[in-house]
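If you use numbering that gives the first Met the number 0, the sequence shown closes out at 213, no skipped numbers anywhere.
Written out below as structure tokens is the structure these notes cover.
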Amino acid sequence: MSGAHHGDHVHTHDHAHDPLHAAEPRPEYARLERAVRELLIAKGVFTAEDIRKQIELMDSRSPAMGARIVARAWVDPDYKRRLLADAKAAAGELGVDTSNTATVVALENTPARHHMVVCTLCSCYPKAILGVPPAWYKSSAYRARAVKEPRKVLAEFGTVLPDGVEIRVVDSTADMRYLVVPMRPSGTEGWSEERLAGLVGRDSMIGTALAAAP
């Protein structure tokens, strides 16, 4: 079940557990993954070609797809309403295949509320829309601290929000993934969707950053 938590409002600059410098997965996990993969191939569960196709599929997915979705929502109010009502269907309108993805919920950031996504149990993530999750998203430090001290974690990412902004942390699960729709930067009136999409970074769709300023 997904959850929501409200962060504290204390400003701090303690970087002792900076999630940006989370440790990479240990080598033994890579060896274990390779051994299991080779065993499954040997047993005929799937083939090396199946793996190659899946790798190519993952490589074709990137945050650029999510950025297109956000940019369309910024310029098309009707599309934004559809996105907030049914994110998977709205993604499909732009040719993004989410058929093998769990339910995806789009959350709109506003001047009063900022959303931030974490998966406290593992690393559930909308890969069909954002590609492969960053290492820090999977780290135990980020997963533990994002819920307990979100404002502090955001500051470590360089995102310092006014005290009056509510920070809502949402917990991604195997059944529910999230896409944060960051606020459109000022000074972008009249911009094309393509140009706007260039301001939407991966972290802004997780909620640890804002959309880039023009």
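Where is the CB? At the ideal position from N, CA and C, for every residue including glycine.
Bear in mind the structure is a predicted one, so any value in this text is a computation, not a measurement.
Per-residue DSSP class, three states only, for residue 182: coil
First through last residue of the alpha helix (DSSP H) which encompasses residue 83: Where residue 83 is concerned, the enclosing alpha helix (DSSP H) stretches over 76 to 84.
Option in 133, 183 and 197 with minimal Cα separation from residue 75: 183
Anticipated Cβ contact below 8 angstroms, residue 93 with residue 67, distance rounded: 6 angstroms
Buried or exposed (CB count within 10 angstroms, at least 16 for buried), residue 125: buried
For residue 165, the three-state DSSP class (helix, strand or coil): strand
First and last residue of the uninterrupted beta strand (DSSP E) at residue 103: It spans 102 to 107 - the beta strand (DSSP E) in which residue 103 sits, taken as one unbroken run.
For residue 116, the first and last residue of its enclosing beta strand (DSSP E): 112 to 117
Span separating the alpha-carbon of residue 181 from that of residue 78: Using only the alpha carbons, I get a separation of about 15 angstroms.
Exposure label - residue 105; buried when at least 16 CB within 10 Å: Around the C-beta of residue 105, 16 or more other C-beta atoms lie within 10 Å, and the residue is accordingly described as buried.
Supposed contact pair residue 101 and residue 176 - C-beta distance, whole angstroms, cut 8 angstroms: 6 angstroms
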